[in-house]
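> Quick note: the sequence shown uses this note's numbering, first residue -5, plus one each step.
Beta carbons: idealized from backbone N, C-alpha and C, even for Gly.
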Amino acid sequence: MTEDIKKACQVMSEGGVILYPTDTIWGIGCDATNEEAVRRVYEIKQRVNSRAMLVLVDSPVKVDFYVQDVPDIAWDLIELADKPLTIIYSGARNLAPNLLAEDGSVGIRVTDEAFSQQLCRRFRKAVVSTSANISGQPSPGNFSEISEEVKSAVDYIVSYRREEVGSPKPSSVIKLEKGGVIKIIRE
């Protein structure tokens, strides 16, 4: 696993795109601060830039670096979540501009899955995480369901967890709006 993480970090630091297992489904990832790398992910997914992608971080502390003003309720939600939870925050910062939604918000998930957490920790920056599929096609539940088109478009494919079967679920998604209003996007 360590060699895989080193190689994935090297590829991302050079602006490359990786295919990797996350705390939910397999994802396409890159350096979330690199506008060109983010543009390549949209290209691979054949998706317009107007649909923002989420990012993974390895600890709640990192959320503060990417969000101007984290609402207090966010800390409780992160701490109490019993399954992967993506929170959409207003006022994103220190990320590639083409990664953000039109309103300047960004979805961030604190991962506690071994591989993606180590990857984020070692990379020391947020990592883009978007489903490993062409836009409009079903999200692959495991590595064997990822299309050859996606596999051949990335710069590095992580070896770890390729043999797993089963269908993990995408994360829950909530949006924190002004005044602590919580809007559930996906349960």
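Within the same chain, show all residues whose beta-carbon is closer than 8 Å to that of Ser166, passing over the 5 residues directly before and after it, in chain order.
Ala75, Lys77, Pro78, Leu79, Thr80, Ile178, Arg180, Glu181
> Nearest-angstrom Cα distance between Ile19 and Lys169?
Rounded to the nearest whole angstrom, the C-alpha separation of Ile19 and Lys169 is 21 Å.
> In the DSSP assignment, what residue or residues form a beta bridge with Lys163?
DSSP lists no partner for Lys163.
> What is the DSSP secondary structure of Pro134, counted as helix, strand or coil?
Reduced to three states, the DSSP call for Pro134 is coil.
> Comparing alpha-carbon positions, which option in Gly9, Lys0, Met6, Asp17 lies nearest Lys163?
Lys163 has its Cα closest to that of Asp17, out of Gly9, Lys0, Met6, Asp17.
> Would Pro15 and Arg155 qualify as a contact pair, given that the criterion is a beta-carbon distance under 8 Å?
A contact, by the Cβ cut-off of 8 Å.
> Quick one: what does DSSP say Leu93 is sitting in, helix, strand or coil?
helix
> Quick one: does Asn28 have its CB under 8 Å from some CB of chain D?
Judged by its chain identifiers, the structure shown contains no chain D, having just a single protein chain.
> What is the C-beta distance between Val104 and Pro54, in whole angstroms, given that I count them as a contact (C-beta under 8 Å)?
5 Å
> Could you round the C-beta distance between Gly135 and Ser161 to whole angstroms and report it? I think they count as a contact, below 8 Å.
Rounded, the Cβ-Cβ distance is 3 Å, consistent with contact.
> How many angstroms separate the CA atom of Val35 from the CA atom of Ala120?
15 Å
> With hydrogens ignored, establish whether the beta-carbon of Ile102 is closer than 7 Å to any heavy atom of the ligand HEM.
Inclusion of the ligand HEM in the displayed structure is not the case, the ligand content being empty and no account of it being possible.
> With a threshold of 16 other CB atoms inside 10 Å of the CB of Ala90, please say whether the residue is buried or exposed.
buried
> Go to Ser153, then tell me how far its beta strand (DSSP E) extends in each direction, as first and last residue.
Segment: none, Ser153 is in no beta strand (DSSP E) and carries neither H nor E.
> Taking Lys119 as part of the beta strand (DSSP E), name the residues at either end of that continuous run.
Following the DSSP letters along the chain, one finds Lys119 in no beta strand (DSSP E), marked with neither H nor E.
> Consult DSSP for Asp25 and reduce its assignment to one of helix, strand or coil.
Per DSSP, reduced to three states, the secondary structure at Asp25 is strand.
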